[in-house]
Amino acid sequence: MPPSRNDIRNDNGARTATCPTCRQPFTPIRRQSYCTPACRQAAWRARHPQPQPATTIIAPATNRRAITVYQCPRCDTRYLGQQWCHDCHTPCTRLDLGGPCPHCDEPVAISDIIEQPR
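Start counting at 1 in the sequence shown, then tack on 1040, and there's your number in my numbering.
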């Protein structure tokens, strides 16, 4: 005669198991795999590592207009941080962020230096 369902479910025999985290022997209750909730949590954290946070580069706190290169549409003169052409008295168009050239001290936009894929 087959064993009753209660006998299969209720394993009353004292059996011991080994915790996979700390390797300590313990008496499991039902389907218990870890000896303590702390070991269970440590195993879960080992299986699910935290992704490394993306490194962000924080730009120095400066006025964006001060580091922007503008160009006059009439005379093609470039200005660093000035939106109006002093010769033509017209508003300039914004090119890109940039700064003065270390060799000739003329305003140079970043897009002039970096090759952009087409």
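The beta-carbon is built from N, C-alpha and C at its ideal position, and this holds for glycine as well. Just so you know, these numbers come straight off a predicted model, no measurement behind them.
Through-space distance from residue j to residue i, alpha-carbon basis
i, j, result
"CYS1112", "LEU1120", "11 Å"
"HIS1088", "PRO1077", "16 Å"
"GLU1155", "ALA1149", "12 Å"
"TRP1084", "ARG1104", "46 Å"
"GLN1081", "GLN1064", "16 Å"
"ALA1101", "ILE1107", "11 Å"
"HIS1129", "ASP1145", "23 Å"
"GLN1123", "THR1095", "34 Å"
"CYS1062", "GLN1090", "21 Å"
Contact belief for residue i with residue j at Cβ below 8 Å, rounded distance in angstroms
i, j, result
"PRO1060", "SER1073", "7 Å"
"TYR1110", "LEU1135", "7 Å"
"CYS1125", "THR1117", "6 Å"
Helix, strand or coil at residue i [DSSP, three-state]
i, result
"GLN1038", "Only positions 1041 to 1158 of the chain appear in this structure, which leaves residue 1038 out of reach."
"ARG1118", "strand"
"ARG1087", "helix"
"ALA1106", "helix"
"ASP1152", "helix"
"ASP1145", "coil"
"THR1067", "coil"
"ALA1057", "strand"
"PRO1140", "strand"
"PRO1131", "strand"
"GLN1111", "strand"
CB contact flag (residue i, residue j, <7 Å)
i, j, result
"CYS1075", "PHE1066", "yes"
"PRO1068", "ALA1057", "yes"
"CYS1141", "ASP1127", "no"
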